[in-house]
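Q:
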Amino acid sequence: MENCKPRMANRETLLEAVELRKSYHRGGGAFAQTGDKFTAVDGVSFQVAAGETFAVVGESGCGKTTLARMLLRLIAPDSGTIKFAGRDVTAMSSAELRAERRHMQMVFQDPYASLNPRMRIGEIISEPLAIHGPQLSRGERGERCAAMLRRVGLPEESARRYPHEFSGGQRQRIGIARALILRPKLVVADEPVSALDVSVGAQMLLLLQDLQQEFSLTYLLISHSLPVVAQVATRIAVMRAGKFVELGEAEQVLRHPQHPYTQELLAAVPELPALQSPS
Amino acid sequence: MKGLLEVDRLTVELPTSRGWVRPVNDVSIGIAAGETLGLVGESGSGKTMLSLALMGLLPAGARVSGETRLAARGETISSAAAPASSSVHAPVIAGNNILQMRESEWRTVRGAEIAMIFQEPMTSLNPVMTVGAQVSEAIRAHTSNLAEREVRQRTIEALGRASVPEPETRAQQFPHQLSGGLRQRVMIAMALAAGPRLLIADEPTTALDVTVQKQVLALLDRLRREMQLGMLFITHDLGVVAQVADRVAVMYAGRIVEQGPVNEVLTQPLHPYTKGLLAASPTLERGKLAPIPGTVPQLTELPPGCAFEPRCAWRREDCLTGVPSLRRIAQQNPNGVPSASGGATEHAARCVLVADEGPSAKESSR
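What follows is the structure in structure tokens.
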């Protein structure tokens, strides 16, 4: 693996993955043990420091989404370990995981599919509170929800409405509000802007950066887009066929890519000519 | 310059519960054979509705006005006064307004003259037919009296021309057995099978990986040159438009707000929306991202004057009084004479801030 940085000694390691592996069996159905073996994640190791934005970049089928799901323990790895804030979560039971989950949340790619269409926005955003903090009164939950809506730039009265009444960008904000209401430490953002228009996506990236400062968040960003990643990443891992082929500081990976695949990806990004007139 | 397609003041109206809206509003564009016009816009800009109008695929209930002319094969459209509107029953030859054609006439045009490829090849391809069968179907639809052997040969040729490797083998496969990039090539093969002269590509690479996108764009470029295709390339990605287009038109709330040679529009944008889009487009350089405040307006709630005014950093009072016309910057040919064709190289923007050099050539009939 090229351009690999050792553990970042001066910051607390929030997330650590060691030799994660996950395979699927094709052709035999969802739970099959027979059929062609397809390795989605093939021995991935890395650490994420508190407060950073760690980006995993790769094309379709590289395994980045499977990796993200494993880190959040939505699926179980075949082998390897995951440590969150020093605690080994790889083999935790559902009950133990439930306690950990409030610290790690996810923002999904598709703002149209990730919100329950039959729930009001207020319920969607405060649902995590109900699950993880049942000691709060209904009024308190409502207040936190309203505060979160304001923070993501939506009017408070949105709480009474349903997802279909909102645009893609607004729904993505709702997804972010839901992810942050528990004040997690880690947010996994899986293609947070790829389904959005350019100007809406730019608003979203800036919102995510502001929120990162305000709530001291650590981001794991999954994306196929190097330009998006270039805007926000502290470190970048380039993933291909289940492995990291390059990992390093964002500037290094973008400006001095070592691995041919990284170079190929960068060369394929269509370039905008530089502006001439002052705008 | 060989004029292939000329669109003149095309407007599409759709009925809604709150009255008629205009997803396409007074759009005039032109494309020459072998030229690519990029059409850029975000959701709700009208770019897809425009492409549907050009294919006669508007939803039921839509009203369309304006004119669209396609040059006859081997001829061009003169930019002088168009011939008087002739009988709508005549098949499409030089000069007729294709927007008023009947469905039976559209069927002779779609595929044979104007073809379209879409963003999601998986939903455009029939999942239960082999890709070869689908390309063959496209060939048979537009040619008659072809022996099966000939159809088969043309199918393989079409797939090969679209850079599908091992076309004989691939022809036997189903869409789900192909990668996204290959499916898109199959769609390109189908679209070009009957030798159309104009290709409308609606976000053809948006769903593809960036390395595959590069290959597909290169393929489209080669085919454009080999077949002297005119291409209308619709995208939201300014980087892609910089790669593929000769000229670009930017749409906002149904209107064209800027148009001109692609390099000029992208490096010296005139319209505040274009400037905003450029500033909001992420590049490999960090730290320069600036969003456009606000959101795209609903077509039922357009402001009285310029549709972009509420979000514009340069707005002034006269922005509210009416929709500005497309104002061009004077273009000089190298020998100092203003461009006689009046349209092809001008850079124009629909903004009161653009010093008015006189009405845009396409608007001179107003």
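These protein sequence lines are chains L and R, in that order. Count the first sequence with our numbering and you get residues 828 to 1106, in order. Count the second sequence with our numbering and you get residues 2 to 367, in order. C-beta atoms are modelled at their ideal positions from N, C-alpha and C, and glycine is treated no differently.
(1) Mapping the DSSP letters down to three states, classify residue 282(R) as helix, strand or coil.
(2) Give the range of the alpha helix (DSSP H) segment to which residue 841(L) is assigned.
(3) Measure the beta-carbon distance from residue 190(R) to residue 225(R) and round it to whole angstroms, keeping in mind my assumption that it falls under 8 Å.
(4) Answer yes or no: do residue 56(R) and residue 21(R) have a C-beta to C-beta separation smaller than 9 Å?
(5) Starting from residue 215(R), trace the beta strand (DSSP E) both ways and give me its first and last residue.
(6) Could you work out which residue in 311(R), 100(R), 353(R), 33(R) is closest to residue 328(R) when comparing CA atoms only?
(7) Residue 863(L): buried (16+ other C-beta within 10 angstroms of its C-beta) or exposed?
(8) Taking only runs that begin and end inside the segment 862-910 of chain L, name each unbroken beta strand (DSSP E) of 3 or more residues, in chain order.
(9) Residue 178(R) lies in the beta strand (DSSP E); which residues open and close that run?
(10) Looking only at its chain, what residues have a beta carbon closer than 6 Å to the beta carbon of residue 949(L), apart from the 5 residues adjacent to it on each side?
(11) Does residue 44(R) get closer than 9 Å to chain L when you measure Cβ to Cβ?
(12) Is residue 994(L) close to chain R, meaning its C-beta is less than 9 Å from at least one C-beta of that chain?
(13) What span of residues does the alpha helix (DSSP H) with residue 1087(L) cover, start to end?
(14) Considering only C-alpha positions, which residue in the set 323(R), 256(R), 324(R) is nearest to residue 41(R)?
(15) Any beta carbon from chain R within less than 9 Å of residue 1083(L)'s own beta carbon?
(16) Residues in the segment 1031-1054 of chain L with C-beta within 8 Å of chain R's C-beta atoms, listed in sequence order?
(17) Could you tell me whether the segment 226-241 of chain R touches the segment 32-49 of chain R, using the rule of 3 or more Cβ pairs below 8 Å?
(18) What residue range does the alpha helix (DSSP H) around residue 1042(L) cover?
(19) I'd like to know whether the C-beta atoms of residue 211(R) and residue 1095(L) end up nearer to each other than 9 Å.
(20) Could you tell me if residue 18(R) is buried or exposed, where buried requires 16 or more neighbouring beta carbons within 10 angstroms of its beta carbon?
(21) What does DSSP give as the partner residues of residue 1070(L) in its beta bridges?
(22) Please name the residue, chosen from 27(R), 126(R), 45(R), that lies closest to residue 994(L) on a Cα-to-Cα basis.
(23) Of all the residues that make up the segment 164-180 of chain R, which are near chain L by a beta-carbon distance shorter than 7 Å?
(24) For residue 98(R) and residue 319(R), I'd like the C-alpha separation in whole angstroms.
(25) Excluding the 5 residues preceding and the 5 following residue 156(R) in the sequence, name in chain order all residues of the same chain whose CB lies nearer than 7 Å to its CB.
(26) Any contact between the segment 930-943 of chain L and the segment 996-1009 of chain L? By contact I mean 3 or more CB pairs, one from each, below 8 Å.
(27) At the level of alpha carbons, what is the spacing between residue 935(L) and residue 890(L)?
(28) What is the residue span of the alpha helix (DSSP H) that residue 353(R) lies within?
(29) Run down chain L in chain order and give the residues with a C-beta less than 7 Å from the C-beta of residue 264(R).
(30) Could you pull the start and end residues of the alpha helix (DSSP H) that residue 958(L) belongs to?
(31) Hey, is residue 212(R)'s beta-carbon within less than 9 Å of any beta-carbon in chain B?
(32) Any chance the segment 215-223 of chain R sits against the segment 179-195 of chain R, with 3 or more Cβ pairs inside 8 Å?
(33) Just list the alpha helix (DSSP H) runs in the segment 922-1008 of chain L, keeping only unbroken ones of 4 residues or longer that don't cross its boundaries, in chain order.
(34) Are the beta-carbon atoms belonging to residue 1015(L) and residue 910(L) less than 9 Å from one another?
(35) Are the CB atoms of residue 1053(L) and residue 1064(L) within a distance shorter than 9 Å?
(36) So residue 1025(L) contacts chain R; which residues on that side make the cut at Cβ distance below 7 Å?
A: Put simply:
(1) Residue 282(R) falls in the coil class under three-state DSSP.
(2) Per DSSP, residue 841(L) belongs to no alpha helix (DSSP H); it is in the beta strand (DSSP E), 840-853.
(3) The Cβ separation is near 15 Å, so there is no contact.
(4) Contact flag unset, no.
(5) Element bounds for residue 215(R): not the beta strand (DSSP E) but the alpha helix (DSSP H), 211-228.
(6) The option with the nearest alpha carbon to residue 328(R) is 353(R).
(7) Exposed, by the Cβ-count rule.
(8) Correct list: 863-876, 880-884.
(9) Boundaries cannot be given for residue 178(R), as no beta strand (DSSP E) includes it and DSSP labels it neither H nor E.
(10) Residues of the same chain with a CB within less than 6 Å of the CB of residue 949(L), apart from the 5 flanking positions on each side, are 972, 986 in chain order.
(11) The beta carbon of residue 44(R) sits closer than 9 Å to some beta carbon of chain L.
(12) Yes - at least one Cβ of chain R is within 9 Å of the one on residue 994(L).
(13) Taken as a continuous stretch (DSSP letters only), the alpha helix (DSSP H) holding residue 1087(L) covers 1087-1095.
(14) When only C-alpha atoms are compared, the closest one is 256(R).
(15) So no, residue 1083(L) is outside the interface.
(16) Within the segment 1031-1054 of chain L, the residues whose Cβ lies closer than 8 Å to some Cβ of chain R are 1032, 1033, 1051, 1052, 1053, 1054, listed in chain order.
(17) Contact between the segment 226-241 of chain R and the segment 32-49 of chain R is present, because at least three Cβ pairs lie under 8 Å.
(18) Its alpha helix (DSSP H) spans residues 1025-1042.
(19) Cβ atoms of residue 211(R) and residue 1095(L): closer than 9 Å.
(20) Exposed, by the Cβ-count rule.
(21) BP columns for residue 1070(L) point to 1067(L).
(22) Ranked by Cα distance from residue 994(L), the options 27(R), 126(R), 45(R) are led by 45(R).
(23) Using a CB distance below 7 Å, no part of the segment 164-180 of chain R faces chain L.
(24) Roughly 36 Å between the two C-alpha positions.
(25) Hits under 7 Å: 133, 136, 137, 140, 172.
(26) With contact defined as three or more Cβ pairs closer than 8 Å, the segment 930-943 of chain L and the segment 996-1009 of chain L are in contact.
(27) The straight-line gap from Cα to Cα measures roughly 16 Å.
(28) Unbroken run through residue 353(R): none, as it is neither H nor E.
(29) Residues of chain L whose Cβ lies closer than 7 Å to the Cβ of residue 264(R) are, in chain order, 1100.
(30) DSSP places residue 958(L) inside the alpha helix (DSSP H), whose first and last residues are 948-959.
(31) This model lacks chain B altogether, as its protein chains are L and R.
(32) With a cut-off of 8 Å, the segment 179-195 of chain R and the segment 215-223 of chain R count as touching, because enough Cβ pairs lie within range.
(33) Uninterrupted alpha helix (DSSP H) stretches at least 4 residues long and entirely within the segment 922-1008 of chain L occur at 948-959, 965-978, 995-1007, given in chain order.
(34) With respect to residue 910(L), residue 1015(L) sits apart: the two C-beta atoms are not nearer than 9 Å.
(35) Result no, Cβ atoms of residue 1064(L) and residue 1053(L) do not sit closer than 9 Å.
(36) Chain R residues near residue 1025(L): 43, 237, 278, 281, 282.
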